[in-house]
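Asks:
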Amino acid sequence: MMDWTDRHCRYLHRLMSRHALLYTEMVTAPALVRGGALHLLDHHPAEHPVALQLGGSDPAELAQAARLGAQAGYHEINLNVGCPSDRVQSGTFGAVLMKQPALVAECVAAMHAAVDVEVTVKCRIGVDDQNPEEVLPEFLSRVGAAGCGRFIIHARKAWLQGLSPKENREIPPLDHDLVLKMRGMFGGLHISINGGITNLDQALAFLDAGLDGVMVGRAAYHQPADILCRADRLIWGQGQDSDPVEVVMQMGDYITDHIAQGGRLHQVTRHMLGLFAGTPGARQWRRILSEGASREGADFALVRQALDAVLEARAQAVA
Ligand SMILES: Cc1cc2nc3c(=O)[nH]c(=O)nc-3n(C[C@H](O)[C@H](O)[C@H](O)COP(=O)(O)O)c2cc1C
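Per the numbering used here, the sequence shown starts with residue 658, numbered consecutively.
#1: List in chain order: all unbroken alpha helix (DSSP H) runs of 4+ residues lying wholly within the stretch 791 to 877.
#2: When every heavy atom of ligand 1 is checked, does at least one fall within less than 7 Å of the C-beta of K616?
#3: Less than 8 Å between the CB atoms is what I'm expecting for Q710 and T749, so what's the real figure, rounded?
#4: Use the C-beta contact count for K823: other C-beta atoms within 10 angstroms, 16 or more gives buried, fewer gives exposed.
#5: Helix, strand or coil for R943, going by three-state DSSP, please let me know.
#6: For M659, collect the residues of the same chain with a Cβ closer than 7 Å to its Cβ; drop the 5 residues on either side in sequence, then sort them by chain order.
#7: Along the beta strand (DSSP E) that carries M908, what are the first and last residues, could you check?
#8: Taking 8 Å as the cut-off, decide whether the C-beta atoms of P741 and G751 are in contact.
#9: Rounding to the nearest angstrom, what Cα-Cα distance links G874 and P881 in this structure?
#10: Would you kindly work out how many angstroms separate the C-alpha atoms of Q941 and G801, rounded to a whole number?
#11: Residue ranges of each alpha helix (DSSP H) run of no fewer than 4 residues wholly in the stretch 669 to 706, ordered along the chain?
#12: For V967, which residues does DSSP report across the bridge?
#13: I want to check one thing, is the minimum distance from the CB of C740 to the heavy atoms of ligand 1 below 7 Å?
#14: Taking 7 Å as the cut-off, is the CB of E733 close to at least one heavy atom of ligand 1?
#15: Taking L930 as part of the beta strand (DSSP E), name the residues at either end of that continuous run.
#16: In angstroms, rounded to a whole number, what distance separates the CA positions of G909 and L959?
#17: Is E953 helix, strand or coil when you go by DSSP?
#18: Are L930 and R943 closer than 8 Å when you measure CB to CB?
#19: According to the neighbour-count rule (16 or more other Cβ atoms, all chains shown, within 10 Å of its Cβ), is N851 buried or exposed?
#20: With DSSP run on the structure shown, which of helix, strand or coil describes G712?
#21: Looking only at DSSP bridge pairs, what is L736 linked to?
#22: Less than 7 Å between the CB of N856 and some heavy atom of ligand 1, yes or no?
#23: Measuring from the CB of K756, is there a heavy atom of ligand 1 at a distance below 7 Å?
#24: Have a look at G712, H676 and E718 and flag the residue whose alpha-carbon is nearest the alpha-carbon of N735.
#25: My output table needs one value for V772: the three-state DSSP class, helix, strand or coil.
#26: Apply the 10 Å Cβ neighbour rule to M842 and answer buried if 16 or more other Cβ atoms are within range, or exposed otherwise.
#27: Looking only at its own chain, which residues have a Cβ that is under 7 Å from the Cβ of N825, when we skip the five neighbours before and after it?
#28: Given the structure, does A876 come close to ligand 1, in the sense that its CB is under 7 Å from one of the ligand's heavy atoms?
#29: For W661, verify whether its CB is less than 7 Å away from any heavy atom of ligand 1.
#30: Since T777 and I810 are thought to touch, with beta carbons under 8 Å apart, how far apart are those beta carbons, to the nearest angstrom?
#31: Within the present structure, is the beta-carbon of N788 separated from the nearest heavy atom of ligand 1 by less than 7 Å?
#32: Less than 7 Å between C-beta atoms, sequence neighbours within five positions excluded: which residues of the same chain meet that for F657?
#33: For L846 and L797, I'd like the C-alpha separation in whole angstroms.
#34: Is the separation between the beta-carbon of V753 and that of V784 shorter than 8 Å?
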């Protein structure tokens, strides 16, 4: 998720779930191919399995970007056909491509031919005045025929005029039933649903209803303990829930290395603020980290201090 997630966030999330597939935020093909911004591909081996999401609409450029991503070790290359931001529309990529399924098919074919790893697409159900019942099946069938076997469908339209990107994740109504209908129509495709899923019970209900996967965005970021710490046991039936306290301790070496390399504490801890959401001590945890992590010289000792405050609040809550 652009401006929210990054490699530090994925390292943290991987400590919570061994099995969840993680995605990068969108990286544009022009930035990689024309801008040479290869640092955007940097990641830690422990993040795997991790998919690189690309934005673009030029088949040759996307093929080259996919090649760079595969060489960098990404497990999957995903094409963004869902982002509604103005910046992205101006470059003719993201959700506006829902209007050009033939071009998306060309892009996917070029990417598919360029790499051995899987090429997937994240899309909307339509944009603007399109009729999703008509355009979505056509999109899936054309892009599927071009070599994409797996789609993640954000189950709402993007309205490209007049809404901010944030509003475009909230205002166009969700149509989960249409995604379920696509599951029924396209037996050969792997279809994951996305949009408005806030807990694992909902995720399990979609899997029970026949969907192949569930992508969770905002809830996984804001309440990682509810989603990621429980996912391996509840979704994959493997292992036990991970414990947020242990996850914090496991971040110690990573944070110390990051700071030794010139990084700052808040760059990592900003992703950890929601770790204790809804439990005793959550407020103290957020406050200590928000106030202290940007200060010069702040290190893992501050995280220990915040954790002690959580443990103390827990002890008081049971007393
Ligand atoms: C801050 C932010 C940035 C996002 N950036 C991306 C992105 O880079 N690529 C993408 O496919 N979706 C992006 N999204 C959309 C989410 O992946 C997801 O489709 C959307 O939030 C709906 O799912 P949710 O209700 O589970 O959050 C972003 C969402 C947010 C909140």
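Backbone N, C-alpha and C define an ideal beta-carbon position, used for all residues, glycine too. Since the structure is predicted, the reported quantities are computational estimates derived from the model, not experimental observations.
Replies: This is what the structure gives:
#1: 833 to 842 and 857 to 865
#2: The question about residue 616 has no answer, for the chain in this structure spans 658 to 976.
#3: The Cβ separation is near 17 Å, so there is no contact.
#4: exposed
#5: helix
#6: E682 and M683
#7: Element bounds for M908: not the beta strand (DSSP E) but the alpha helix (DSSP H), P901 to A917.
#8: yes
#9: 10 Å
#10: 49 Å
#11: 686 to 690
#12: According to DSSP, which records beta bridges pairwise, V967 is partnered with nothing at all.
#13: yes
#14: no
#15: First-last for L930: undefined, no H or E at that position.
#16: 11 Å
#17: coil
#18: yes
#19: buried
#20: strand
#21: L711 and V778
#22: no
#23: no
#24: G712
#25: coil
#26: exposed
#27: P741, A815 and W816
#28: yes
#29: yes
#30: Not confirmed; about 11 Å, so no contact.
#31: no
#32: Residue coverage of the chain in this structure runs from 658 to 976, which leaves residue 657 outside it and unanswerable.
#33: 9 Å
#34: yes
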